[in-house]
Each structure stands twice: as C-alpha cells, then as structure tokens.
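Heads up: the structure comes next, in structure tokens.
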Amino acid sequence: MDCKEATYLISKSQEEKLTIKERVKLEMHLMACKFCKLFQIESNLINDNIAYLHKYSSEEQKMNLKKKEKLQDEVKKYLDDSSNEQ
Amino acid sequence: MLTLNNMEALKTQNKINPYQWVNLYADYLFNYAIMQVKSSEIAEDLVQDTFMSALKSIKNFNGKSGERTWLTSILKNKIIDHYRKKSNQCEILINERSEDYDNSDHFFETEANKRGTWTSEARPNVWNFEDRTPVENKEFYEILQSCLGKLPESWAAVFSLKNIEDFNSKEICKELNISSSNYWVIMHRSKLQLRECMEKNWMNV
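Set out below in structure tokens:
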C-alpha cells in the first residue's frame, strides 16, 4: 500500500467501516509511515469538527435590503391577490 | 388556493403570519443558504423560492413545528434541488481513472520508483495545538469555513449535503446521481486539500 491509497482509506474510514483486509493493510502502513499517521490525526480532527461549523460560523450575513423589500412586495402581492379571489 | 377565511383560521390556529415572514426570517434563511451555496445571488433566489413554495403550500403547515423550522425545511429541499441540478449538468464528476486524478495533483509522487508516496512539499507537518484546541475556537471554524470555500463548488456540495441532512454516502450518491467510487474520490481529494489548507492557514496564524 502506498500513501495515496492509505489516505484514501483514511478518508473513507471517517464515514464507513473498512473491511478487515483494508483495516489490516492500513494499520501496517500507518505503523511505518509517520506522514500518513499525521494525516490521519489531522484529518480526523477536521472531520470531527465540520459538523459544528454552523454553530461557530462568523457573523450572520444579512440579505440585501433592496432584495428584501422586493421580496416583501412579492409576498404581499401574492397574499392580496389570493384573498381578492374569493 | 388560499382564501382569506382559511388564512384567518390558520393564523389563529397556528400563529402563522406570512405578511411577517420576510421581516422575521429572510436574514436567517439567507444566512443558512449562503453557508451552503457560497453565491449570494443563488442564496437570494433560494430564499425567494422558499417563500413562494411556502405560500403555495401554506395549508400543509401543521403548526407542530414552528414557522421558522417549517420554512427552513423547505429551504433545505431547495438547496438539495439546486445541487441535484448541478450534478445533472455533470459538473460534479471527476473520473478516478482520468489523467487528472493521477497526475495533476501535487500531493503524491508519480515517478515509477516512488509512485504514490507524499511529495516533499505536501507532507503533513505536526500541528502544535498547545493552547489552541479547536473546540470552542472561533478562529478554527472561520478558517475551516474559508478552506471549504476554496474547494470546487461541486465538492463542497457533497459536504453540504452531509451537514444539511446528515446524509450518508449512499444517499448523497443517489441525490447527486454520482457513482460511489466517484464519491470516495471526491472525498479523498477534498480531505487532502482541506488538511493542507488548514495547515497553511490555521497553524501560521
């Protein structure tokens, strides 16, 4: 197994259980390769934290004011039209 | 069709008031959308579509979930549709057997005697955490967000679907109509890029 395959399996293992054969081959590679071991630690760290991104995202982005006014008009028009159709 | 009478009924039963929607929820929905699609124009369109669909299906609102939750669930579907359209246009495909995947990246050697090993420029370095554990660290998340933003949009779509609906790989492949080997190739490439981007930007702050 080379590093390209090893990192492929590491990334796969973050979502799915590897087969026993894959796990054994990966473990053997990781024992000998410190770069892939680092990749595993650091990539797992990123992966574990991606789900929290929403919670910590930078400031709330607001919708453009003009667009919002336009949207409000459209919603109002729709509601007024449908109540006039009675 | 929505009539004034059943509008009134809905309002009192479920505390729903579409006249206030834009005022109350447009920014929230826009912010949600832009986290997933990156372009503010597309995010605005998605919010508009969401309100219009909501108005048309207002009688399906059962009042069990709050207005905002209900609108957000409609928006989620709009985002998924958006990505589905994109993947139908084949923008998402990278072929694992293509020259692209094998040769044009800088991560791994391609010469016969050391094929598939890390190139010296791409080798991971040790990350010094010390006092900068990522948990609760706003900076970490800001840089992660910007690194995700640097991925090709179609790859970021795959991440988005995972986060929006907690889809697993099979469901994402089905939603986006991609093969599972293609999915794993996209994930592999994305994670190599993300880790590298975090190392360059987070560790050097």
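So the sequences go chain by chain: A and B.
My numbering puts the last residue of the first sequence at 86; the count rises by one with no breaks.
My numbering puts the last residue of the second sequence at 205; the count rises by one with no breaks.
Ideal Cβ positions, reconstructed from N, Cα and C, are used throughout, including at glycine.
Check	Outcome
Segment contact flag, the segment 31 to 46 of chain A with the segment 67 to 80 of chain A, C-beta cutoff 8 Å, min 3 pairs	no
Coarse secondary structure for S98(B), derived from DSSP in three states	Its pLDDT being 44, under 50, S98(B) is placed unreliably by the model, and the measurement read from it follows with that caveat. Three-state result, S98(B): coil.
Chain B within 8 Å of K67(A), Cβ atoms only	yes
Classification of V24(A) by the beta-carbon crowding that lies within 10 angstroms, buried from 16 upward	exposed
Cβ pair count under 8 Å reaching 3, the segment 14 to 30 of chain A against the segment 107 to 114 of chain B	no
Neighbourhood of R68(B) by C-beta distance below 6 Å, restricted to the same chain and skipping five residues each side	Y25
Residues near W21(B) by beta carbon distance below 8 Å, same chain, minus five either side	F51, A54, E67, L71
CB contact below 8 Å: L30(A) versus chain B	no
Residue nearest to I164(B) in terms of C-alpha spacing, selected from I74(B), W184(B), L144(B)	I74(B)
C-beta contact flag for K62(A) and D166(B) at 8 Å	no
Contact list for S169(B) against chain A, beta-carbon separation under 7 Å	E15, E16
Classification of A6(A) by the beta-carbon crowding that lies within 10 angstroms, buried from 16 upward	buried
Residues of its chain near S180(B), where Cβ-Cβ distance is below 8 Å and the 5 sequence neighbours each way are ignored	S169, K170, C173
Beta carbon proximity, L79(A) to chain B, threshold 8 Å	yes
Residues of its chain near D81(B), where Cβ-Cβ distance is below 7 Å and the 5 sequence neighbours each way are ignored	none
Partners in chain B for K12(A), counting only beta-carbon separations shorter than 8 Å	W184, M187, H188
Chain-ordered neighbours of T7(A) on chain B, where CB pairs are closer than 7 Å	H188, L192
Chain B residues whose Cβ lies nearer than 9 Å to that of I26(A)	Just to set this straight, residue 26(A) is Leu in the shown sequence, not Ile. Near L26(A) there are no residues of chain B at all, since even the closest Cβ is about 13 Å away, more than 9 Å.
Members of the segment 27 to 43 of chain B that neighbour chain A once the beta carbon cut-off is set at 7 Å	D27, F30, N31, I34, M35
Under the three-state DSSP convention, the category W202(B) falls into	coil
Cβ pair M198(B), I46(A) closer than 8 Å	yes
Beta-carbon neighbours of K62(A), restricted to chain B and to distances below 9 Å	A26, D27, F30, N31
Beta-carbon gap between N201(B) and C147(B) smaller than 8 Å	yes
is_contact[K21(A), chain B] using C-beta, thresh 8 Å	no
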